[in-house]
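Step one of this worksheet: look at the structure below.
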Amino acid sequence: MGSAKSNGIIPVFLSYMGCPNQCLFCSQKGVTEDDSQRSFEELDERVMTFISSRSNRSNSSEVSSRRFEIAFYGGTFTSIPEPMQEAFLRWAYRWLERGSIDSIRVSTRPDDLTVDKLQCLARYGVKTIEIGAQSFDDHTLRLNRRSYTSEDIDRAFGLLKSSPFRVGVHLMTHLYGSSEAIDAQSLSAALSYRPAFLRLHPTLVLRHTGLEGLYRERRYRPASLFEGVDGCSDALLLCRSAQTPVARMGLHIPANRVSEVVAGPYHPAFGDLVSKMADLKELIASERLVDYAGDGLDQKYREALGSHKGFFAKWFRERSREARHVRARR
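Each number in this note's numbering comes from the position in the sequence shown (counting from 1) with 61 added on.
As structure tokens, then:
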């Protein structure tokens with residue numbers, strides 16, 4: 062499904078544009094900017110500023126090898142009315158024609174892809190399509206107001222299988238009505254399609270959402286930070302085993318929007334926490350474990366144990382002690 066990779070994503074947030082309804086957990090305008098009402102001149106300024114800032118930080122060889130990509134996030138791009146959709150694509154395509162960017166990326170739902178729509182995207186230089194699946198469990202999808210099924214996801218991947226697009230999948234853990242087993246099944250289903258990459262984040266309770274109401278009524282218990290990191294680190298290990306890159310772990314929320322998070326496993330360095338826990342889990346499962354206190358460990362693991370104010374220390378001592386006892390009984 063394509064392998065081209067961008068390392069300079071220029072985001073354009075089209076909050077709720079094309080979305081048939083507001084999902085239970087979603088608060089796009091609460092946690093992101095809304096670029097849908099900006100003029101193309103204003104968006105041009107953003108692109109120029111982004112490219113200039115990256116160029117000023119890099120030497121000439123880095124600039125020449127850097128790839129830039131305009132990415133449309135926040136809505137259901139392929140459901141935006143065609144005239145407006147093509148206006149956004151034409152605007153981005155002009156930057157592509159100038160050679161200032163290398164490709165275009167869109168995010169959409171799995172139930173709104175057709176051959177005609179894919180042909181239109183390809184015609185305007187779109188190289189990456191992110192599918193917001195969130196879960197592959199029909200009951201969970203229904204509870205979270207996603208209004209599509211796992212069959213729709215399968216149908217979307219059937220259309221994309223022989224396409225030139227680089228296809229990514231967005232999954233969420235700890236959704237309302239989900240479970241560890243369902244999350245694991247959803248990840249396995251996503252990996253079976255061999256996507257180019259995954260995005261993965263645990264569910265957060267955001268202001269002005271249906272999920273906030275359920276949380277206030279004590280009908281939904283969000284994951285703790287440790288539970289969120291633990292679950293996502295297991296998922297990351299499976300992705301590593303499948304050689305599927307994870308583009309991002311954890312929902313990015315600007316510092317001035319963090320107050321929109323009511324509850325749940327939010328941390329500004331969530332991805333780093335997940336990556337370090339995954340590394341430590343690999344160590345525990347290996348024969349390289351020398352001492353649960355960290356003596357004799359490679360620097361990589363010592364740094365992980367000492368990071369984030371000792372976030373992993375107690376857990377690592379307990380898990381490594383258990384692993385040593387299991388090995389001693391062999």
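Just so it is clear, CB atoms sit at the ideal spot from N, CA and C, and this is done for glycine as well. Being a predicted model, the structure only gives us computed values, none of them experimental.
### Query
Taking the C-alpha atoms as reference points, what is the distance between residue 380 and residue 309?
Put simply, the backbone Cα of residue 380 is about 26 Å away from that of residue 309.
#### Entry: Beta-carbon proximity of residue 392 to residue 136, cut-off 8 Å
Outside the displayed span of the chain (62 to 391) sits residue 392, for which this structure offers no information.
### Task
Could you check the C-alpha separation between residue 207 and residue 294 for me, to the nearest Å?
25 Å
### Message
Cutting at 7 Å between CB atoms, please list the residues of its own chain near residue 216, excluding the five before and the five after it.
### Response
none
### DSSP-derived helix/strand/coil call for residue 112
helix
### Query
To the nearest angstrom, how far is it from the Cα of residue 179 to the Cα of residue 153?
Using only the alpha carbons, I get a separation of about 16 Å.
### Query
Can you give the Cα-Cα distance for residue 160 and residue 300, rounded to whole angstroms?
So the two alpha carbons sit approximately 34 Å from each other.
### Task
Specify the secondary structure class of residue 6 as computed by DSSP and reduced to three states.
There is simply no residue 6 to check, as the chain begins at 62 and stops at 391 in what is shown.
### Message
Just verifying my parser: in three-state terms, what is the DSSP assignment at residue 214?
### Response
If DSSP states are grouped into helix, strand and coil, residue 214 belongs with the helices.
### Of the residues 347, 383, 333, the one placed nearest residue 365, counting alpha carbons only
333
### Message
If we require 3 or more residues per run, which beta strand (DSSP E) segments fall completely within the segment 248 to 279?
### Response
258 to 263
### Query
Given residue 298, which residues of its chain have a CB within under 8 Å of its CB, disregarding the five upstream and five downstream residues?
339, 342, 343
### Query
Which residues in the same chain have their Cβ closer than 6 Å to the Cβ of residue 321, if we skip the five residues on either side of it in sequence?
91, 92, 267, 268
### Task
From the DSSP output, in three-state form, read off residue 72 for me.
The answer is strand: DSSP assigns residue 72 an E or B state.
### Query
Hey, residue 195 and residue 235: beta-carbon distance below 8 Å or not?
no
### In DSSP terms, what residue 192 is bridged to
Answer is 169, 230, bridged to residue 192.
### Query
Based on the DSSP secondary-structure assignment, which residues constitute the bridge partners of residue 129?
69
### Task
Just mark residue 117 as buried or exposed, buried being the case when its beta carbon has 16 or more other beta carbons within 10 Å.
Exposed, because fewer than 16 other Cβ atoms sit within 10 Å of the Cβ of residue 117.
### Where the alpha helix (DSSP H) containing residue 322 begins and where it ends
Run containing residue 322: none in the alpha helix (DSSP H); it sits in the beta strand (DSSP E), 322 to 324.
### Query
Under a three-way DSSP split, which group does residue 310 fall into?
strand
### Task
For the alpha helix (DSSP H) containing residue 392, list its first residue and its last residue.
In the structure displayed, the chain extends from 62 to 391; residue 392 sits before or after that span and is not available.
### Query
So, is the C-beta of residue 289 closer than 8 Å to a C-beta in chain D?
Of the chains in the structure shown, none is chain D; there is only one protein chain.
### Task
Go ahead and label residue 197 buried or exposed: buried means 16 or more other beta carbons lie within 10 angstroms of its beta carbon, across all protein chains shown.
With 16 or more neighbouring CB atoms inside 10 Å of its own CB, residue 197 falls in the buried class.
### Beta carbon of residue 328 nearer than 8 Å to that of residue 286
With contacts defined by Cβ atoms closer than 8 Å, residue 328 and residue 286 form a contacting pair.
### Task
For residue 372, I'd like the list of residues in its chain whose CB is within less than 7 Å of its CB, leaving aside the five on either flank, ordered along the chain.
334
#### Entry: Which of helix, strand or coil DSSP assigns to residue 302
Residue 302 falls in the helix class under three-state DSSP.
### Task
Leaving aside the five residues before and after residue 255 along the sequence, list all residues of the same chain whose C-beta is less than 6 Å from its C-beta, in chain order.
Correct list: empty, nothing qualifies.
### Task
Kindly identify the DSSP beta-bridge partner or partners of residue 187.
Paired residue(s): 165.
#### Entry: Own chain partners of residue 147 with C-beta closer than 8 Å, once the 5 adjacent residues on each side are dropped
181, 185
### Query
In this structure, does DSSP put residue 201 in helix, strand or coil?
helix
### Message
To the nearest angstrom, how far is the alpha carbon of residue 101 from that of residue 145?
### Response
12 Å
### Task
Could you check what DSSP says for residue 149 in three-state terms: helix, strand or coil?
In the three-state reduction of the DSSP assignment, residue 149 falls in the helix class.
### Message
Taking the alpha carbon of residue 233 as the reference point, which residue from 358, 132, 263 has its own alpha carbon closest?
### Response
263
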